[in-house]
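**Student:**
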Amino acid sequence: MSLALPVVAGGGMAVRAAAHVDDVAAAVTTANKADTAVDATATSAGRLNSVGERGEELADASLIDAVKQKGRNIYQDDESVRMLDHFGANASAANATDITLRPDARKIEVLEEYLHTTQYRRGMDKYMTTAELELHVKGFMVRHQRMLGISANDVAWLQKSMDMYRGWLGS
0 MSLALPVVAG GGMAVRAAAH VDDVAAAVTT ANKADTAVDA TATSAGRLNS
50 VGERGEELAD ASLIDAVKQK GRNIYQDDES VRMLDHFGAN ASAANATDIT
100 LRPDARKIEV LEEYLHTTQY RRGMDKYMTT AELELHVKGF MVRHQRMLGI
150 SANDVAWLQK SMDMYRGWLG S
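Using numbering that gives the first Met the number 0, read the sequence shown as starting at 0 and increasing by one per residue.
Written as structure tokens, this is what we have:
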């Protein structure tokens with residue numbers, strides 16, 4: 000599969016710094032404060048920011064390598080998994096460069112977090128809520144499912160997730 004990602008300056012793996020964990024913690028704390036409408040239904044399967052089950056198709060190494068080539072740092076170590084478990088997330092993009100994934104990352108998780116880093120780079124996090132950012136990315140992925148090579152089952156998962164975030168917004 001060929002994935003056309005925007006050209007971005009920088010690249011390579013960075014040494015993990017404490018700032019990465021702090022960025023993720025701050026982002027999740029901010030999201031939790033902003034999204035006070037979260038209720039017990041949003042915590043299905045122990046995942047705060049997820050609809051429970053995960054996408055179907057596993058991410059292959061070439062997709063993860065392509066994201067790294069675009070200047071993103073990918074973290075999948077034990078510490079990262081503990082952090083994701085703590086925050087009830089499957090994946091995270093806390094800023095414009097750092098993506099945290101589980102070792103068994105799904106294709107849609109990698110694509111989604113890459114797109115979230117692009118939102119950070121464009122400053123969209125300054126004027127959109129967490130739910131709005133999620134809907135923006137997931138909507139893009141659904142609209143461009145053929146270009147991104149997303150399966151029908153994974154599109155259904157994205158749509159279910161979008162419904163959850165619409166519920167947070169009351170729309």
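We put the beta carbon where it would ideally sit given N, CA and C, even for glycine.
What number of angstroms, rounded off, separates the C-alpha of valine 27 from the C-alpha of methionine 146?
**Tutor:** Any reading at valine 27 must be qualified, since the residue scores a pLDDT of 44, below 50, and its modelled position is unreliable; no value is offered.
**Student:** What residue does the alpha helix (DSSP H) around tyrosine 119 start on, and which one ends it?
**Tutor:** Start and end: 106–120.
**Student:** Please report the Cβ distance between arginine 71 and tyrosine 113, rounded to the nearest whole angstrom; I am assuming they are in contact, meaning their Cβ atoms lie under 8 Å.
**Tutor:** Correct: roughly 6 Å between the Cβ atoms.
**Student:** Thinking just about the alpha-carbon of each residue, which of Val136, Ser79, Ala104, Thr96 is nearest to the one in glutamate 52?
**Tutor:** If we check each option's Cα against that of glutamate 52, Ala104 comes out closest.
**Student:** By Cβ distance below 8 Å, which residues in the same chain neighbour valine 136 in space, the five residues on each side in sequence not counted?
**Tutor:** For valine 136, where only same-chain residues beyond five positions count, the Cβ hits under 8 Å are Glu111, Leu114, His115, Gln118.
**Student:** Where does the unbroken alpha helix (DSSP H) through isoleucine 63 begin, and where does it stop?
**Tutor:** Counting along the chain, the alpha helix (DSSP H) containing isoleucine 63 begins and ends at 60–68.
**Student:** Does the Cβ of valine 169 have 16 or more other Cβ atoms within 10 Å, making it buried, or fewer, making it exposed?
**Tutor:** Contrary to the premise, residue 169 reads as glycine rather than valine in this sequence. It counts as exposed.
**Student:** Do you know offhand how far alanine 93's Cα is from serine 150's?
**Tutor:** Each residue's alpha carbon lies about 26 Å from the other.
**Student:** Drop a sphere of 10 angstroms on the beta-carbon of lysine 106, count the other beta-carbons inside from all chains shown, and report buried for 16 or more, exposed for fewer.
**Tutor:** By the 10 Å Cβ count, lysine 106 comes out buried.
**Student:** Measure the C-alpha to C-alpha separation of aspartate 153 and glycine 138 and round it to an integer number of angstroms.
**Tutor:** Each residue's Cα considered, the two are about 13 Å apart.
**Student:** Specify the secondary structure class of serine 170 as computed by DSSP and reduced to three states.
**Tutor:** Residue state, collapsed to three classes: coil.
**Student:** For tyrosine 74, which residues does DSSP report across the bridge?
**Tutor:** Answer is Thr99, bridged to tyrosine 74.
**Student:** Grouping DSSP H, G and I as helix and E and B as strand, with all else coil, what is serine 91?
**Tutor:** Strand at serine 91.
**Student:** Looking only at C-alpha atoms, which of Met161, Trp156, Trp167, Met82 sits nearest to glutamate 55?
**Tutor:** Closest by alpha carbon: Trp156.
**Student:** Quick one, which of Asp124, Met161, Asp97, Trp167 has its alpha-carbon nearest serine 73's?
**Tutor:** Contrary to the premise, residue 73 reads as isoleucine rather than serine in this sequence. It is Asp97.
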